[in-house]
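**Q** Following this message is one structure expressed as structure tokens.
Protein chains: 2
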Amino acid sequence: MSTVRLTETSYIVMGLLEACEPATPYDLKQVAKLSTMHFWHVPHTQLYTESARLAEAGLLSETREHEGRRRRVYRLTDEGRAALARWRADPTSKLGELRDGATLKLFFGADPVRLAHAQLQMHRELLAEYETILAELGESPIGWRRALTLGIAHERQFVAFWQALADGQVDAELAASAAAHPTVDATA
Amino acid sequence: MSTVRLTETSYIVMGLLEACEPATPYDLKQVAKLSTMHFWHVPHTQLYTESARLAEAGLLSETREHEGRRRRVYRLTDEGRAALARWRADPTSKLGELRDGATLKLFFGADPVRLAHAQLQMHRELLAEYETILAELGESPIGWRRALTLGIAHERQFVAFWQALADGQVDAELAASAAAHPTVDATA
DNA sequence: CTCCTAATAGTTCGGAACGAACGGTGCGAG
DNA sequence: CTCGCACCGTTCGTTCCGAACTATTAGGAG
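Those protein sequence lines, which keep their order, are chains A and B.
So in this note's numbering, the last spot in the first sequence is 237, and the numbers never skip.
So in this note's numbering, the last spot in the second sequence is 237, and the numbers never skip.
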């Protein structure tokens, strides 16, 4: 019983745990590295503290070794499983934010061409990496592959955008649409 | 002189301040509402604490009213202006993360069709809103419009993805590519 | 078997982010 | 004047984050 606030971090812990129960936070970290961390990084220290927090709230059960590393091994409780199922069944969720540093610089007037070239390289690399992972993902849970497909689509979008920006197409379109819909008179 | 850590929040404060100097944190909040908050929300309390922090570090100057609301009015110092310019001139930056709750649910096996329908509606609304804003943005700084263009491209991508997922196209493609590149034998 | 080293596993800590809630201030309507 | 509401600013408790640190285990050389 508990009135802890469940955050996205909580569901990541529970979701990963569901996939590889029983597990130590360290195990979760290994799994996360292969999967979620690509679009939602959780620092490993949080996996430890969050697991402990959830156990305290009764959503996980914790057993601890008495010797050696004194590892804490976690399992989902029925309550935890129910909370996870409830979250997953609710199709609404707050929209995410991009929070991309380069976009911020662009917003604040950075040189678009220089920025675009640097970003193009990084996004192309990431895109290639995602595509490799997807190819290797074979028989992994379908959810993983669907999510990765979305990640790939986004990376493609990034590449297309920065490319268009580098080529001056973005500015051209902005100029054209500003001319087409003048909010202040453009010719005076 | 200062060894404060400058975070993205710091640059948001300085960047906004550059655009409407001098300003109180409340003024910044108003401007943010029209601009950055669409892709990088900063809670208003942070604008107050971050402004104070930056002033302490010598990047902003602070003058305070002695009566009434005792508002703190900020300006960029030369040092602050230089820090902002330096940040803006550096074309590299860590890649952002999506951190979208719906993607997380998808990852963890939520029903894709139900999820897609809910998400489609939200993203379509947001897309329409962005397009309205862009049309109204007329003579605003070019950086704002470029960044918004990227935001629109991403929203279009979201709409396209959730639509394809709802239609079963995503799963069909995944099945096709899994058959084309079997990592474990698929027919045995 | 013992010592050294590298990889593995877990924790601590301080600063930054977050958002709910609260407390003053100013102003216009009654 | 005084009530109410929008405006403006702050406090607080929790969560997030990552650098740095400690401790355990495995493997190899002597």
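We put the beta carbon where it would ideally sit given N, CA and C, even for glycine.
These numbers were taken from a predicted model, which means no experiment stands behind them.
If you count every other CB in all the chains shown that lies within 10 Å of the CB of residue 235 (chain B), and 16 or more means buried, which is it?
**A** Any reading at residue 235 (chain B) must be qualified, since the residue scores a pLDDT of 44, below 50, and its modelled position is unreliable; no value is offered.
**Q** Can you tell me whether residue 110 (chain B) is helix, strand or coil according to DSSP?
**A** If DSSP states are grouped into helix, strand and coil, residue 110 (chain B) belongs with the strands.
**Q** Tell me the DSSP bridge mates of residue 123 (chain A)?
**A** Its beta-bridge partners are A:72, A:111.
**Q** Could you tell me whether the Cβ atoms of residue 123 (chain A) and residue 109 (chain A) are closer together than 7 Å?
**A** Yes, they are a contact pair.
**Q** Short of 7 Å in beta carbon distance, which residues of its chain neighbour residue 50 (chain A), apart from the five on each side in sequence? Order them along the chain.
**A** At residue 50 (chain A), the pLDDT of 47 sits below 50, so the modelled position is not reliable and the matter cannot be decided from this model.
**Q** Check whether the Cβ atoms of residue 99 (chain B) and residue 58 (chain B) sit closer than 7 Å, and answer yes or no.
**A** Contact flag set, yes.
**Q** Within 10 Å of its beta-carbon, does residue 278 (chain A) have 16 or more other beta-carbons around it, so buried, or fewer, so exposed?
**A** The question about residue 278 (chain A) has no answer, for chain A in this structure spans 50 to 237.
**Q** Could you please give the first and the last residue of the uninterrupted alpha helix (DSSP H) stretch that includes residue 207 (chain A)?
**A** It spans 191–215 - the alpha helix (DSSP H) in which residue 207 (chain A) sits, taken as one unbroken run.
**Q** Select from the region 192–206 of chain B all residues with a C-beta closer than 9 Å to any C-beta belonging to chain A, and list them in chain order.
**A** Result list: 192, 193, 194, 195, 196, 197, 198, 199, 200, 202, 203, 205, 206.
**Q** Could you give the first and the last residue of the continuous alpha helix (DSSP H) run that contains residue 160 (chain A)?
**A** Per DSSP, residue 160 (chain A) belongs to no alpha helix (DSSP H) and is neither H nor E.
**Q** Taking C-beta to C-beta, are residue 61 (chain B) and residue 91 (chain B) nearer than 7 Å?
**A** Their beta carbons are under 7 Å apart, which means residue 61 (chain B) touches residue 91 (chain B) by this criterion.
**Q** Taking residue 204 (chain A) as the reference, which of A:94, A:87, A:72, A:68 has the closest Cα?
**A** Minimum Cα distance to residue 204 (chain A) is reached at A:87.
**Q** Rank A:151, A:165, A:161, A:140 by C-alpha distance to the C-alpha of residue 156 (chain B) and give the top, closest one.
**A** Comparing Cα positions, the closest option is A:140.
**Q** Give the residues from the region 116–143 of chain A that approach chain B closer than 9 Å (Cβ to any Cβ), ordered along the chain.
**A** For the region 116–143 of chain A, which is checked against every Cβ of chain B, the residues closer than 9 Å are 133, 136, 137, 138, 139, 140, 141, 142, 143.
**Q** Compare the C-beta of residue 236 (chain B) with all C-beta atoms of chain A and state if any pair is closer than 7 Å.
**A** Low confidence applies here, because residue 236 (chain B) scores a pLDDT of 45, under 50, leaving its location unreliable and the question unanswered by this model.
**Q** Pick helix, strand or coil for residue 102 (chain A), following the three-state DSSP scheme.
**A** Residue 102 (chain A) falls in the helix class under three-state DSSP.
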